[in-house]
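Protein sequence lines correspond, in order, to chains A and B.
In our numbering, each residue carries its 1-based index in the first sequence increased by 828.
In our numbering, each residue carries its 1-based index in the second sequence increased by 828.
To start, the structure under review is shown below, and the notes come after it.
Number of protein chains: 2
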Amino acid sequence: MVAARRLPAEMPAAIPKELGFKHTMDFKQQVTVTLAEVAEAAGVGESTVSRVLRNHGSFSGKTRERVMAAVERLGYVPNRIAGTLASTGSRLVAFVIPSLSNIVFPDVLRGASAVLEENRYQAVFSVTDYDPGKEEALAAAMLAWRPAAVMLAGYEHTEGTVKMLRASGCRVLELLDLDGDALDIAVGFSNRAAGRESAAFLLKRGYRRIGYVGHDLNRDTRAGKRFSSFCETLAAGGAPLVAREILAGASSVENGRLGLERLLARTRDLDAVYFSNDDMALGGYFHCLAEGIAIPSRLAIFGYNGLDIGRAMPQPLSTIRTPRVATGQIAAQLVVADAPPQAVDLGFELIDGATA
Amino acid sequence: MVAARRLPAEMPAAIPKELGFKHTMDFKQQVTVTLAEVAEAAGVGESTVSRVLRNHGSFSGKTRERVMAAVERLGYVPNRIAGTLASTGSRLVAFVIPSLSNIVFPDVLRGASAVLEENRYQAVFSVTDYDPGKEEALAAAMLAWRPAAVMLAGYEHTEGTVKMLRASGCRVLELLDLDGDALDIAVGFSNRAAGRESAAFLLKRGYRRIGYVGHDLNRDTRAGKRFSSFCETLAAGGAPLVAREILAGASSVENGRLGLERLLARTRDLDAVYFSNDDMALGGYFHCLAEGIAIPSRLAIFGYNGLDIGRAMPQPLSTIRTPRVATGQIAAQLVVADAPPQAVDLGFELIDGATA
DNA sequence: TTGAAAGCGCTAACAT
DNA sequence: ATGTTAGCGCTTTCAA
């Protein structure tokens, strides 16, 4: 194997000097056709246009024709801002997510946005970087848009956030965690159970000297829950965790590789390693490949998330597959249906791959 | 090596029967504090509250105190919907992106959202699945929110989309492509140049029997541009493309693995393969590992995107690193700065890894 | 420095 | 079936 050369990551960007001009559109032309103009052009009242456009209330087919013709002719685009203000509920759904680097959240967004789009809802989002203070600020900013629902990750919020959400009167969905008390609706699965099952699986396979490689647990509280129940289960099984390596940064393939390297440098006789997720586990896998460490005979590897990539590996990754897309879908469906408060356990599935 | 077991992907979700109730919040309580109530409570006029809150116009320190106290006491959250309607411009930025599975787009969103949040803009998004018709529908839906800017991928839009965007009067940013004419602002790099440089690199390294493994090119037009300029460059260099394998679905590690398997089954004597992106290339890499095909001596592999994962591989992936996050950042900065129409070329970087 | 009042573009009674 | 009108909650002149 070739030794890994360390290559630099993407550089932060500074605003560039202006480059070529090459545009076919006039700069800033404001033309705003309003509903009133459509009404005028169609020779009907405003409310009639409104009814036709929303297909709500009654109007004749002929009127409909004329209105639509005027809409077409004028290139009218309804103003949802005005519409929302005038009516009661908005069709905005706000996502306040920890990260876009962790594939979990794009997956949730993907599941949700498909359902929302079908139902003519609009998704809005902001990213907290796992910072509860930032979460509070961003949640406040989102609430200012009077969304129909706010979706957050898990249960760990500041008092201020909770108070705000409670007072807002909009639906609150806490996703991807079930170990705690929901404010309103919760959709996901138990991270504690996931940690427990992972440990039980490794014990049953006969591994006794087990280590852990993880990313920042203070920030990612769900990973923290998995880890603590993992440790408890190991201890209860008579084979307490032997060593751990926790990396400061976000979860990544590189950190997984580095983490395993460090862990093995300190503790040589491990027979299995649990990773905080699949990215990290893949990094560990790469480390073993590079160092010629046989998997799983010499060292077993176990991940979390069940990314597609794990299935394509020469040895399919042993891991737990979580219903990320489904979490988004179900959450969105519950919002659309205006379902009562509830906790929906989507479960997870242990993937008995070839690495453990 | 263990033979790859094919494991199922995540199942589509049906809406589940209701499960346990476990909530601490009353279901749907609407309490809406308005600016007028704050004004009343503070004993000042509405416009004064508005000025204080936006820190715009003049007011005494004492007035400020009283207003803020009232805001605090009542738990007032401004209504941005009303604010936007009353004022001229919105601080919404709309993203109409092809996919959330392709990491490119979460990366762009990540770069943009950081900048937007700092400047108190709000990101809104929807996902087209690479379908131009859907793009048109979603763009129309987005325009109804009267965003300050709409960001799209590339230049290939329906006539209707273009017409709508032109008429909307809002800023239009076309991202991740520079091979075409921009409507307003373009930020990205040349995919044609990327394909060209990739081919030139492989030729320079002495590879002559080169194949291609890609995903659906009709939908991902940027991948199509890379591929066509790649082929042209090979042909010009006297070593035209020997074989290609195009998979119907989206780009993924599994498709990459499958694609290379099929390609090699048909064409045994290739010495290098160009992949439509790094996911696909990683799949190819896995195939080679599983089959004991030596890289790069027996077969060279070249990707596109420069994902972090490529750096953690036992042999760093040879690829082209694209400025995805920076594209989002710069685009957002240009919106915030209300910059004139322009095309910003962020370039890309060829990563001379160990696989080619 | 402050307040009164006129909208922003639409929806939703309420008439007709 | 359709028109009239009164807001939705804010921003923004314009006076005071």
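Just so you know, even glycine gets a beta-carbon here, dropped at the ideal spot from N, CA and C.
Since we're looking at a predicted model, the values are computed, not measured.
Let me make sure I understand the geometry here. Which of the options has the alpha-carbon closest to that of residue i?
{"i": "Arg1024 (chain B)", "options": "B:Val880, B:Phe1058 and B:Asp1048", "result": "B:Phe1058"}
{"i": "Gly1138 (chain A)", "options": "B:Ala864, B:Ser1080 and B:Glu987", "result": "B:Ser1080"}
{"i": "Ser878 (chain A)", "options": "A:Leu863, A:Gly889 and A:Thr891", "result": "A:Leu863"}
{"i": "Glu1002 (chain B)", "options": "B:Asp1173, B:Glu1177, B:Gly1131 and B:His884", "result": "B:Asp1173"}
{"i": "Gly1008 (chain A)", "options": "A:Cys998, A:Asn1019 and A:Arg999", "result": "A:Asn1019"}
{"i": "Val990 (chain B)", "options": "B:Tyr1040, B:Gly961 and B:Gly885", "result": "B:Gly961"}
{"i": "Gly1084 (chain B)", "options": "B:Val1041, B:Ala965, B:Gly885 and B:Phe1055", "result": "B:Val1041"}
{"i": "Phe1103 (chain B)", "options": "B:Ile1179, B:Glu1060 and B:Ser1026", "result": "B:Ser1026"}
{"i": "Ala870 (chain A)", "options": "A:Val978, A:Pro1151, A:Val895 and A:Ser888", "result": "A:Val895"}
{"i": "Arg947 (chain B)", "options": "B:Gly1131, B:Gln1161, B:Arg901 and B:Gly1175", "result": "Reading off the sequence, residue 947 (chain B) comes out as Asn, not Arg. Minimum Cα distance to Asn947 (chain B) is reached at B:Gln1161."}
{"i": "Tyr904 (chain B)", "options": "A:Leu1145, A:Ser996 and A:Val1070", "result": "A:Ser996"}
Nearest-angstrom Cα distance between residue i and residue j?
{"i": "Gln1170 (chain A)", "j": "Ala1010 (chain A)", "result": "8 Å"}
{"i": "Ser954 (chain B)", "j": "Asp1097 (chain B)", "result": "44 Å"}
{"i": "Val880 (chain B)", "j": "Asn907 (chain B)", "result": "15 Å"}
{"i": "Gly911 (chain A)", "j": "Ser918 (chain B)", "result": "15 Å"}
{"i": "Val1191 (chain A)", "j": "Ile909 (chain A)", "result": "This structure cannot settle anything about residue 1191 (chain A), because the visible part of chain A is limited to 829 through 1184."}
{"i": "Ile1038 (chain B)", "j": "Asn1133 (chain B)", "result": "20 Å"}
{"i": "Val943 (chain B)", "j": "Ala1154 (chain B)", "result": "11 Å"}
{"i": "Thr1147 (chain B)", "j": "Asp1107 (chain B)", "result": "11 Å"}
{"i": "Tyr1113 (chain A)", "j": "Arg882 (chain B)", "result": "53 Å"}
{"i": "Pro1068 (chain B)", "j": "Asn1046 (chain B)", "result": "22 Å"}
{"i": "Ser915 (chain B)", "j": "Glu987 (chain A)", "result": "33 Å"}
{"i": "Leu1062 (chain A)", "j": "Leu1030 (chain A)", "result": "9 Å"}
{"i": "Tyr1035 (chain A)", "j": "Leu971 (chain A)", "result": "49 Å"}
{"i": "Gly1077 (chain B)", "j": "Ala1159 (chain A)", "result": "27 Å"}
{"i": "Ala981 (chain A)", "j": "Thr956 (chain A)", "result": "10 Å"}
{"i": "Ile1121 (chain A)", "j": "Leu1127 (chain A)", "result": "7 Å"}
{"i": "Ala951 (chain A)", "j": "Glu963 (chain B)", "result": "15 Å"}
{"i": "Arg974 (chain B)", "j": "Cys998 (chain B)", "result": "8 Å"}
{"i": "Arg1185 (chain A)", "j": "Tyr983 (chain B)", "result": "Outside the displayed range of chain A (829 to 1184) lies residue 1185 (chain A), so it cannot be described from this structure."}
{"i": "Val1101 (chain A)", "j": "Ala1064 (chain A)", "result": "18 Å"}
{"i": "Leu1110 (chain B)", "j": "Ile1179 (chain A)", "result": "21 Å"}
Helix, strand or coil for residue i per DSSP?
{"i": "Asn1083 (chain B)", "result": "helix"}
{"i": "Phe1055 (chain B)", "result": "helix"}
{"i": "Gln1170 (chain A)", "result": "strand"}
{"i": "Leu1001 (chain B)", "result": "strand"}
{"i": "Val1042 (chain A)", "result": "The residue asked about is misnamed: residue 1042 (chain A) is Gly in this sequence, not Val. Gly1042 (chain A): strand per DSSP, three-state reduction."}
{"i": "Phe933 (chain A)", "result": "helix"}
{"i": "Asn1019 (chain B)", "result": "helix"}
{"i": "Tyr949 (chain A)", "result": "coil"}
{"i": "Glu963 (chain B)", "result": "helix"}
{"i": "Phe923 (chain B)", "result": "strand"}
{"i": "Met1141 (chain A)", "result": "coil"}
{"i": "Ala977 (chain A)", "result": "strand"}
{"i": "Leu1062 (chain A)", "result": "helix"}
{"i": "Glu1073 (chain B)", "result": "strand"}
{"i": "Ser875 (chain A)", "result": "helix"}
{"i": "Val943 (chain A)", "result": "helix"}
{"i": "Ile1179 (chain A)", "result": "strand"}
{"i": "Ala1122 (chain A)", "result": "coil"}
{"i": "Thr989 (chain A)", "result": "helix"}
{"i": "Phe1114 (chain A)", "result": "helix"}
{"i": "Arg892 (chain A)", "result": "helix"}
{"i": "Ser918 (chain A)", "result": "coil"}
Using 10 angstroms around the beta-carbon of residue i, count the other beta-carbons present and answer buried if the total reaches 16, otherwise exposed.
{"i": "Gly939 (chain A)", "result": "buried"}
{"i": "Ala897 (chain B)", "result": "exposed"}
{"i": "Arg1050 (chain B)", "result": "buried"}
{"i": "Asn1105 (chain B)", "result": "buried"}
{"i": "Lys1053 (chain B)", "result": "buried"}
{"i": "Gly1066 (chain B)", "result": "exposed"}
{"i": "Thr860 (chain A)", "result": "exposed"}
{"i": "Gly1181 (chain B)", "result": "buried"}
{"i": "Pro1124 (chain B)", "result": "buried"}
{"i": "Asp1166 (chain A)", "result": "exposed"}
{"i": "Pro1168 (chain A)", "result": "exposed"}
{"i": "Gly885 (chain A)", "result": "exposed"}
Report, in whole angstroms, the separation of the C-beta atoms of residue i and residue j, which I expect to be a contact under 8 Å.
{"i": "Gln1186 (chain A)", "j": "Thr1183 (chain A)", "result": "With chain A represented from 829 up to 1184, any question about residue 1186 (chain A) goes unanswered, as that position is not in the structure."}
{"i": "Pro926 (chain A)", "j": "Tyr958 (chain A)", "result": "4 Å"}
{"i": "Ala976 (chain B)", "j": "Val936 (chain B)", "result": "Contact flag wrong, Cβ pair sits at about 17 Å."}
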